[in-house]
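First the structure, in the form of structure tokens, and then the observations on it.
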Amino acid sequence: MKDDTFKQQLFDADPGETAEWIESLDRVIQVSGRERARFLLRKVLKRARMQELGIEVIQTPYINTISPEQEPEFPGDEEMEKRIRRIVRWNAMAMVTRANNRYPGIGGHLSTYASAAALYEVGFNHFFRGADDGAGDQVFVQGHAAPGIYARAFLEGRLDEAQLDAFRRETTGHGLPSYPHPRSLPDFWQFPTVSMGLGPLNAIYQARFNRYLAARGIRDTSASRVWAFVGDGETDEPEALGALHVAANEGLDNLIFVVNCNLQRLDGPVRGNGKIIQELEAVFRGSGWNVIKVILGREWDDLLRRDEHGLLLERLNTIVDGWWQRYHVEGGAFMREHFFGADPRLLAMVSHLSDFELWNLKFGGHDYRKLYAAYAMATEPTGRPTAILVKTVKGWALGRDFQGRYTTHQQKKLNTAQLKAFRDILQLPISDQELEDADPPFFHPGPESPEVAYLAQRRRALGGMLPARRVQVTVPPLPPKHLWDEFLAGSGGREVSTTMAFVQMLRALVRDPALGRRVVPIVPDEARTFGMESLFKELGIYAAKGQLYEPVDHAMILRYREEKDGQILEEGITEAGAMASFTAAGTAYATHGEVMVPFYIFYSMFGFQRVGDLVWAFGDARGRGFLLGATAGRTTLQGEGLQHNDGHSHLLFSVVPNVRAYDPAYAYELAVILADGLDRMVARQEDCFYYITLYNENLAMPPMPAGVEEGIVRGMYLLRPAPAGLPLQARLLGSGALLPEVLRAADLLAERFGVAADVWSVTSYQQLRADALAAERWNRLHPGAPERVPYVTECLQQGRGPVVASSDWLKAVPELVARWVPGDFTALGTDGYGLSDTRAALRRHFEVDAEHVVVATLAALARRGELPPEAVQRAITAFGIDPDAPDPVLR
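All letters in the sequence shown, in the order written, are residues 305 to 1195 by my numbering.
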């Protein structure tokens, strides 16, 4: 039922005037039609926006945001820039084709850069600022477009032909990686943007971190912009659009998204039954962004000017994306029949155009003037981030076999006929003979050519070459050694958790006069859980707008304090966003030449398991910093249960090549590890990062024994030697929160069973494994040379008896070093899903309490024939262990 009445909820100061407006609209609809009414309303809404009335529309007509009369004069030599683009496009194609001719299946992408070439060229020639004269811009390149960026660098003389010929063959030592990978090409790529979705997310937090650096007085980034090139299909990734509100709330007008809307993802249309540009416009506008649409090239301008009845606009608004792709495959005659043939008046509008001219009605993404106008508008400060939605054709100008076809993403090379056709399209002086074997030559006009001179002049004017990754830092001095003294001395009988100890160490670090201001505490809305709320008042929470309200706890000493120059990054409940901030901070040494030391603390269960892709990209980016997995352990976090109790993050982090993962039990171990991390990442500038697990179980922290620092860093040290005079011996390994249980087990073994046990504190099974693998590799490749002994083997050779390892992690964690352990080895662990209960109950359930360590040790001795089986059975009975209880892994 149609409701023509208006709600009476709000007071109307002039009902008569309101009625006149409504009647006028009704009259326009009756007399001039619905399209005219829509036209007028759009004009009124546009005027309202111009008058800054705060009335927003989330979707505008399917035409360019900037009309022809609003376009600025294009400042460059358009013909010269087109010649440059053609050369770059040829070499990008040649690089991929040659690679796949020589090594079939090696891959590469032709069609993405073909669609986006103009997007990048306008940016490189007129907007992207290098870092020669300031902070420069940060450009996140769409991963699949990498061949075009290499081809441009070849023209600039930054890459040579041998490197292009080694595309995707990195083991040669001079090859080029498939995508933007700083680890593989550290002087070139700044930001890894694959897997898809990570680039947009990291770009948002990079733009925010730029503002953070400026607000904290560390680096002037006021002239820097962040450009993120994104594919329309990529926006289906949750990470791509999931943080748009952050950019809007922070007022990041230093951030520009350029979304290449070629309407096609890997298998087919992005929105065949819809309109992806309209959808994205609504998403971005609804999230508080400016949106600039670049849909139509200049060839459409005259048609729109002559669209007397709004028929063309209506057709543009209604035709779905699937048809646009069909038009580019079928050609102008089909487009005339299907698109313009919907109305005789539309057909009449294009009667003067040939079929080829219809087919050649370009999209805005292939028009330098339209793109320049959009980029120029986007770089004007507005207090908001901007999204430029650019319509292109995937595989544009690669030829009929590529352009707009669903298979174009998978096509990796051109045959001889296709090469000749492409050469002709690009108008390049390459002979037929050079193309006969379908192995296209690279083309370079010469270092003294006008094209190369133009490129060089434009980059000089814009501050230097891009992309370029530079590591030029002034290394701040490390904190004095006495900063750690109180943590090495123990807690004097007072019980604290390693989490509490970390917070105290963090406070000491931020107070250091040299390094303190460069420490970046990052927390995803769990600071109070980790006991960090005292830092709110002391350091302040970074907030671009400051604190516009008086907080509830304003009268308290430890109040919630937001400041424009706050030091803490309080991210809210977003581990992905926090990891992106960690990335921006951890790579600031290369991005901005500033050493920053991020400490990102989080529930360990919601670390790698939640954001593993971002962790991997951080390693790719050569990031540096500390990841702190708090509330760690499957039994230590009592009461929380299955989705919170972490027993496997150390196994997950063990796969990252340049991470150093530690599981300290005591405050002094943590202090030694943090000091080592600062030495490596700050003083020595090593490209590594740390994962450290922290617990919330309070312990009386002992003082550090003498001479254990090296063992703590390498992964294990002898904490307590076995008592003398007992008939049987064993070696016990404990780590993290379960080390006290292992010590208690050693006491039980000695007091009740006559077994003397060495107790080793294992701080890092991952580091022990890395050392053992390195020794094993050396021995394999150097036959006849003195063999190297793995550190874990060297340590455990000092004792006798079976080895039993117990931790709050899966058995697979200690088993990382099993084959290098001399003698019988038994691993106890917390395999299975977590449960909600007390620590004692959980440790009994997972069979990792002291009593189970004792039974495991006695069982190992019995297997060796040193004890009768009955002795093991008596222990099982005495400890009340049910031998027929279900395996915890099945629970």
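Backbone N, C-alpha and C define an ideal beta-carbon position, used for all residues, glycine too.
{"Query": "As a quick exercise: from Glu684, Thr683, Gln629 and Gly750, pick the residue whose alpha carbon is nearest that of Trp663.", "Result": "Gln629"}
{"Query": "Closer than 8 angstroms by C-beta to Arg1143: which residues in its own chain qualify, once you throw out the five before and the five after it? Chain order, please.", "Result": "Thr939, Thr940, Gln942 and Glu1001"}
{"Query": "For Met305, does the count of other Cβ atoms within 10 angstroms reach 16, so buried, or fall short, so exposed?", "Result": "Interpretation of Met305 is limited by its pLDDT of 41, a score under 50 that renders its predicted location unreliable; the figure taken from the coordinates is listed afterwards. Exposed."}
{"Query": "Ignoring anything shorter than 3 residues, give me the beta strand (DSSP E) runs that lie fully in the segment 1079–1118, in order along the chain.", "Result": "1107–1110"}
{"Query": "Consult DSSP for Met305 and reduce its assignment to one of helix, strand or coil.", "Result": "The pLDDT assigned to Met305 is 41, lower than 50, so where the model puts this residue is not dependable; a value taken from the coordinates is nonetheless given after this. Coil."}
{"Query": "What span of residues does the beta strand (DSSP E) with Arg1024 cover, start to end?", "Result": "Met1020 to Arg1024"}
{"Query": "Buried or exposed for Ser526, going by 16 or more other Cβ atoms inside 10 Å?", "Result": "exposed"}
{"Query": "Using the beta-carbon count (16 or more within 10 Å), is Asp464 buried or exposed?", "Result": "exposed"}
{"Query": "Leaving out the 5 sequence neighbours to the left and right, which residues in its chain are closer than 8 angstroms to Gln446 when beta-carbon positions are compared?", "Result": "Thr416, Ala420, Thr497, Gly503, Phe533, Val534, Gly535, Glu538 and Asn564"}
{"Query": "Just to confirm, is the Cβ distance from Val1159 to Phe1129 under 8 angstroms?", "Result": "no"}
{"Query": "The alpha helix (DSSP H) spanning Leu548 covers which residue range?", "Result": "Leu548 to Asn553"}
{"Query": "Do Gly835 and Met804 count as a contact pair if the criterion is CB distance below 8 angstroms?", "Result": "yes"}
{"Query": "Keeping to the same chain, check which residues put their C-beta closer than 7 angstroms to that of Asp917; ignore five residues upstream and five downstream.", "Result": "Ser499 and Leu502"}
{"Query": "Helix, strand or coil for Ala317 per DSSP?", "Result": "coil"}
{"Query": "Looking at C-alpha atoms only, which residue of Val1063, Phe912 and Glu944 is the closest neighbour of Tyr995?", "Result": "Phe912"}
{"Query": "For Ala396 versus Pro481, is the C-beta distance shorter than 8 angstroms?", "Result": "no"}
{"Query": "Below 8 angstroms CB to CB, which residues in the same chain sit around Asp1075 once its five sequence neighbours on both sides are set aside?", "Result": "Arg1018, Gly1019, Pro1094, Tyr1095 and Val1096"}
{"Query": "Around the C-beta of Phe903, are 16 or more other C-beta atoms found within 10 angstroms, so that it is buried, or is it exposed?", "Result": "buried"}
{"Query": "Cα-Cα, which of Leu1194, Val823 and Ala1189 is closest to Leu517?", "Result": "Val823"}
{"Query": "Should His786 be labelled buried (16 or more other beta-carbon atoms within 10 Å of its own) or exposed?", "Result": "exposed"}
{"Query": "For my contact list, Phe643 and Ser885 are in at a C-beta cut-off of 8 angstroms; report their separation, rounded to the angstrom.", "Result": "At roughly 47 angstroms, the Cβ-Cβ gap does not stay under 8 angstroms, so Phe643 and Ser885 are not in contact."}
{"Query": "CB-CB under 6 angstroms to Ser953, same chain, minus the five flanking residues each way: which ones, in chain order?", "Result": "Ser908, Gly911, Phe912 and Gly933"}
{"Query": "Return the first residue and the last residue of the alpha helix (DSSP H) that Lys841 is part of.", "Result": "Ser838 to Leu843"}
{"Query": "Roughly how many angstroms separate the alpha carbons of Glu867 and Asp829, rounded to a whole number?", "Result": "17 angstroms"}
{"Query": "May I ask you to report which of helix, strand or coil DSSP gives Val400?", "Result": "helix"}
{"Query": "Please state whether DSSP places Gly537 in a helix, a strand or coil.", "Result": "helix"}
{"Query": "Which word fits Asp1062, buried or exposed, when buried means at least 16 other C-beta atoms lie within 10 angstroms of its C-beta?", "Result": "buried"}
{"Query": "So Val445 is in the alpha helix (DSSP H); what residue range does that whole segment cover?", "Result": "That residue, Val445, is in no alpha helix (DSSP H); it is neither H nor E in DSSP."}
{"Query": "With H, G and I counted as helix, E and B as strand and the rest as coil, what does DSSP make of Asp1051?", "Result": "helix"}
{"Query": "Could you pull the DSSP bridge partners for Lys311 from this structure?", "Result": "For Lys311, which the question treats as bridged, DSSP gives no partner whatsoever."}
{"Query": "Does Ile599 pass the burial test, meaning 16 or more other C-beta atoms within 10 Å, or should it be called exposed?", "Result": "buried"}
{"Query": "Are the CB atoms of Val986 and Pro780 within a distance shorter than 8 angstroms?", "Result": "yes"}
{"Query": "CA-CA distance, Leu1003 and Phe495?", "Result": "42 angstroms"}
{"Query": "Opposite Glu799 in the DSSP bridges: which residues?", "Result": "Ala1004"}
{"Query": "So, are the CB atoms of Phe1204 and Val400 less than 8 angstroms apart?", "Result": "With the chain running from 305 to 1195 in the structure shown, residue 1204 is simply not present."}
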